[in-house]
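Sequential numbering from -10 applies to the sequence shown in our numbering. Using N, Cα and C, we set each Cβ at its ideal position, and we do this for glycine too.
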Amino acid sequence: MSLFAPSTFGRRAYRHLSRRNFTSSTRALADHVRIVEVGPRDGLQNEKQSIPAETKIELIRRLARTGLDTIEAGSFVAPKWVPQR
């Protein structure tokens, strides 16, 4: 079974991908990639226990030392969608 079989990927997307002409032309390639780390924002929301601010700050500092240019550390979300602790 194909990884992109209609049952797992969606019929419309499968048809689109199967008709698409992929090329290796360098004109079609981007000259850079932007990596955005969202672990401090999204990843920590899944933790069962509340994480102290000092621990979050240390995580962000360590991520920054790796050379990441963009680290998303917070967002404003309605409590209806993300339970507040």
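Quick check on residue 26: buried or exposed, where buried means 16 or more other Cβ atoms within 10 Å of its Cβ? buried
Near residue 46, which residues of its chain fall below 6 Å by C-beta distance, leaving aside the five closest residues on each side in sequence? none
Measure the alpha-carbon distance for residue 21 versus residue 59 and round it to whole angstroms. 15 Å
Can you check whether the C-beta of residue 19 is within less than 7 Å of a C-beta belonging to chain D? The displayed structure is made up of one protein chain only, and chain D is not part of it.
Measure the alpha-carbon distance for residue 35 versus residue 17 and round it to whole angstroms. 37 Å
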